[in-house]
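Under my numbering, the first residue of the sequence shown is numbered 13, with each subsequent residue one higher. Glycine included, C-beta positions come from ideal geometry on N, C-alpha and C. Notes follow once the structure below has been shown.
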Amino acid sequence: MQSANSEISLQLGVDFAANLLNPLASKKSGDDPIFFWFSRFISARDAGRDAVNGTLGSLLDNSGNLMLNRTVIDSLRKQKGHDMAGYAPLRGIPEFRELAIDLALGEHRKDISASALSIATPGGCGALYAAANNFADPGTKVLLRDLHWGPYQTILAENQLTSTSYPLWGSGLELQKALEELSQSQKRILSWLNDPAHNPTGLTLTSQEREQTLDAFKDSANKNPSIGHTLLIDSAYHFYSEDPYSWARTISKLHDWPSNLLILFAISCSKSHTIYGMRTGALVCLHPDQKFLQKLDEVILHTGRGTWSAAPRLPQVALSQIHADYEDEWCDEKDTLKSILKARRKAFNEELEKVSLKALPNHDGYFAFIQCQNPEAVCESCAAEDVYLVPLKGGVRIGICALPRDKMARVANALANALR
Ligand SMILES: Cc1ncc(COP(=O)(O)O)c(C=O)c1O
């Protein structure tokens, strides 16, 4: 029988690989599917073909350039050298930490019956990583919805976690059942929920669905007082939804907060402030016990110190100034971007209807999703027409954020041809 080591070496075609890579590292393989399909678009475009890019999760103008919130870019440009190049405090600059709580909770902050704490992280991904690292036990399962952003699995795997899921659409009973099952088998439950403006579908939960979800966590926490429950709201796209603070509104109605329930927001400034590569975000923690929050302050500080050190200073300084002095200007720019997305979504859904296709219910944000049996084959067929989309488990993601309105008919037709 071949040893695991020699199997790995054989796979890689080099005999020393397994001696250098640890067993976890040697399991890491494959390219990121989103960047792989994006690179295919680039090759087609560079070869002079009239290629259409629906791959990336970035808001692009009609010529394919990144759309920027000018207020943010102006503020970044005018900062001093020290703020451009200096370290930020490990927990983030105080003004940004305050701002992150406001970005999560908005006007509902004062109505929430818990205290809040935030720590700056390198983007929403940093916040997700810190949550995986601290609120779940290695070897256990994190609760997701069945359709979720692919890199969740990478972040979980990096923390020696796997996942279990409940359906994106359901009666609510599936969530209750999943919580019941997890509370029988593990000491801590961590769940990630990307809402509003879900990636990859564009779905936004209704207020009733949000309440039902929160009640399920509260009930499970009450029934299982020795099991820690952490619900993380992934707010990567919330500023492109109709009600960015919808979760804060729902949480403000939560009374009799169980002490074994922690609510987190993974704040990402990538899309809301169009600073994708500047790696800016925060983990916002809500809990009624101030002393426990003080403990979290140290816990997350350690995770940051041991991985990314501190989040970048420049965007924290710039965003703090914008929200203190130019919030209306930022908001106007952001609303313009939001209206472009809305028009693109409308155009996409209309063109789909013309070819008798339907995306999964989609309301806000950057993406739409069409369910199908063989997403790779569907994307290959679209690529043959120089329309580039992303195959995911169970369907195809259409990055309407990157697609001009006048290309939607071509995308819908390519999908119809592929699916017929
Ligand atoms: C669902 C979801 N969550 C979190 C993130 C993290 O974003 P970032 O780390 O760029 O802030 C993204 C980015 O695309 C996302 O799509």
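Distance between D44 and F229, taken at the CA atoms: about 32 angstroms.
Assigned with DSSP and collapsed to three states, W204 falls in strand.
Between the stretch 329-342 and the stretch 195-211, the count of Cβ pairs shorter than 8 angstroms is below three; the stretches do not touch. Proximity of the beta carbon of T292 to ligand 1 is indicated: a heavy atom of the ligand is located closer than 8 angstroms.
Under DSSP, G407 shares a beta bridge with Q383, L404. Here R103 carries a coil assignment [DSSP, helix/strand/coil]. For G240, there is no enclosing alpha helix (DSSP H); the residue is found in the beta strand (DSSP E) stretching over 240-246. In the three-state DSSP reduction, V367 falls in the coil class, being neither helix nor strand. Just measuring C-alpha positions, the residue of S280, E223, F360, I105 sitting nearest G184 is E223.
The stretch 253-305 contains, as complete alpha helix (DSSP H) runs of 4+ residues, the segments 258-264 (chain order). At least one heavy atom of ligand 1 sits closer than 8 angstroms to the Cβ of D246. Nearest in C-alpha terms to P403, of all of E110, Q172, L427, is L427. The three-state secondary structure of R121, taken from DSSP, is helix.
By the criterion of at least three beta-carbon pairs nearer than 8 angstroms, the stretch 383-394 is not in contact with the stretch 33-41. With a cutoff of 8 angstroms, Y400 does not count as near ligand 1, since its C-beta is closer than that to no heavy atom of the ligand.
With a 10 Å radius around the Cβ and a threshold of 16 neighbouring Cβ atoms, E345 comes out buried. In the structure shown, K358 adopts helical secondary structure according to DSSP, grouped into three states.
When the alpha-carbon of Q165 is set against those of S203, L191, E193, the nearest one is in S203. The C-beta of F28 has fewer than 16 other C-beta atoms within 10 Å across all chains shown, which makes the residue exposed. Within its own chain, the residues whose Cβ lies closer than 8 angstroms to the Cβ of T315, once the five positions on either side in sequence are excluded, are Y141, A142, N145, N146, listed in chain order. Q306 is not a Cβ neighbour of F108, given a cutoff of 9 angstroms. Leaving aside the five residues that flank L431 on each side, the residues in its chain whose CB is nearer than 8 angstroms to its CB run, in chain order, L369, I382, C384, V390. Under the DSSP assignment, T133 falls in the beta strand (DSSP E) whose first and last residues are 127-133. Closer than 8 angstroms to some heavy atom of ligand 1: that does not describe the Cβ of N145. T176 is bridged by DSSP to L155. With fewer than 16 neighbouring CB atoms inside 10 Å of its own CB, R89 falls in the exposed class.
The Cβ-Cβ distance between S130 and S264 does not fall below 9 angstroms.
Close CB contacts of Y288 within its chain, under the 7 angstroms cut and outside five residues either way in sequence, are with S70, S282 (chain order).
A distance of 9 angstroms or more separates the beta carbons of A100 and A294. Straight across, the Cα-Cα distance linking W320 with T225 is about 33 angstroms. In the same chain as T348, and ignoring 5 residues on each side of it, no C-beta atom comes closer than 6 angstroms to its own.
Spatial neighbours of A190 in its own chain (CB-CB distance under 8 angstroms, excluding positions within 5 residues in sequence) are listed in chain order as L155, T176, S177, Y178.
For N234, the three-state secondary structure derived from DSSP is helix. Bridge pairing for V399: V64 [DSSP]. In this structure, ligand 1 has a non-hydrogen atom nearer than 8 angstroms to the beta-carbon of G138. Of the residues assessed, D207 falls on the buried side of the cut-off, its CB having 16 or more other CB atoms within 10 angstroms.
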